[in-house]
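So the sequence shown is residues 27 to 201, counted in our numbering. Note that the Cβ used here is the ideal one computed from N, Cα and C, for glycine as well. Okay, so here's the structure we're looking at.
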Amino acid sequence: MSLRHRSLLVTAGAILTLALAACGSSESPGTAPTSAQPALVVKDPWVKTAQSGMSAAYGTLLNTTGTDIVVVSATSSASPKVELHETTTVDGKMAMRPKEGGFVIPANSSHEFKPGGDHFMLMDVTTPVRPGDQITVTLTLKDGGTVQFTALGKDFAGGNESYHPGQSASPMVMG
Ligand SMILES: [Cu+2]
């Protein structure tokens, strides 16, 4: 075997080793994409039981992204019409009214919806909500996306704030 022939064989071996190393590194763990997490997570959602009329859905919305998420509207399987309400104090009484511009769920943060605070108002319950019932609530986001969650029916005595649809309208009391 000539000297020239021997050096070619060594070079070929070196290339083969590099190729194997490159192949191995591409299969190392940690490079696979992480499982997709929903941008908006709804924790412990529940809805106040009601035979008819008005009711409300609550829960904690967790924004898992680095960008604010704005909830602009909602619908429900129990009530076709749902409004986004905030609770304020009017003339010393707790009152609720539609939230102007929707609810902002801050980036990497959460927003709690609870009796006496922000809530999703079921304006006209067409399907009675009993304890343990599961109702579907669909939120529409400002970017056009939707988020659906299932709220569990619970008896709850509170959350009967007066309803102020607007500045000039007369208060409406929930039944
Ligand atoms: Cu309300």
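Thinking just about the alpha-carbon of each residue, which of the options is nearest to the one in residue i?
i: Lys107; options: Thr164, Gly170 and Ala121; result: Thr164
i: Ser78; options: Ser188, Val173, Arg156 and Trp72; result: Arg156
i: Val67; options: Glu109, Ser136, Ala82 and Pro141; result: Ser136
i: Gly143; options: Thr166, Met149 and Thr86; result: Thr86
i: Lys74; options: Thr115, Thr114, Leu148 and Thr113; result: Leu148
i: Lys69; options: Ala100, Lys140, Thr152 and Ala183; result: Lys140
i: Thr152; options: Met80, Ser105 and Pro71; result: Ser105
i: Ala100; options: Gly92, Tyr84 and Gly158; result: Tyr84
Based on the DSSP secondary-structure assignment, which residues constitute the bridge partners of residue i?
i: Thr93; result: The partner list for Thr93 (beta bridge, DSSP) is empty, contrary to what the question assumes.
i: Met152; result: Sequence inspection shows Thr at residue 152; the Met mentioned does not correspond to that position. For Thr152, which the question treats as bridged, DSSP gives no partner whatsoever.
i: Thr175; result: Correcting the residue identity first, residue 175 is Phe in this sequence and not Thr. The partner list for Phe175 (beta bridge, DSSP) reads Val163.
i: Lys168; result: In the DSSP output, where bridge partners are listed per residue, Lys168 has none listed.
i: Thr75; result: Beta-bridge pairing links Thr75 to no other residue.
i: Ala83; result: Val73 and Phe146
Leaving out the 5 sequence neighbours to the left and right, which residues in its chain are closer than 7 Å to residue i when beta-carbon positions are compared?
i: Thr162; result: Ser102, Ser103, Gln174 and Thr176
i: Gly170; result: none
i: Glu109; result: Pro124, Met147 and Met149
i: Glu138; result: Thr86
i: Gly92; result: Ala133 and Asn134
Spatial neighbours of residue i within its chain, please: CB distance less than 6 Å, with the 5 preceding and 5 following residues excluded, ordered by chain position.
i: Lys168; result: Val96 and Val98
i: Pro154; result: Gln77
i: Asp2; result: Nothing about residue 2 can be reported from this structure: the residues present for the chain run from 27 to 201 only.
i: Pro71; result: Gly85, Phe175 and Ala177
Among the residues of its own chain, which have a CB less than 8 Å from the CB of residue i, if the five just before and after it don't count?
i: Thr90; result: Gln63, Pro64, Ala65, Leu66, Val67 and Asn134
i: Ala82; result: Val73, Lys74, His111, Pro141, His145, Phe146, Met147, Leu148 and Gly185
i: Thr113; result: Met120, Ala121, Met122, Gly142, Gly143, Asp144, His145 and Glu187
i: Thr115; result: Ala121
i: Gln160; result: Thr176, Ala177, Leu178 and Gly179
i: Gly158; result: Leu178 and Gly179
- For the region 99-142, list the beta strand (DSSP E) runs that are entirely contained and at least 3 residues long, ordered along the chain. 108-116, 119-124, 129-131 and 136-139
- Do the region 175-182 and the region 119-131 touch if we need at least three Cβ pairs shorter than 8 Å? no
- Message: With a threshold of 8 Å, are at least 3 pairs of Cβ atoms found where one atom belongs to the region 104-121 and the other to the region 168-176?
- Response: no
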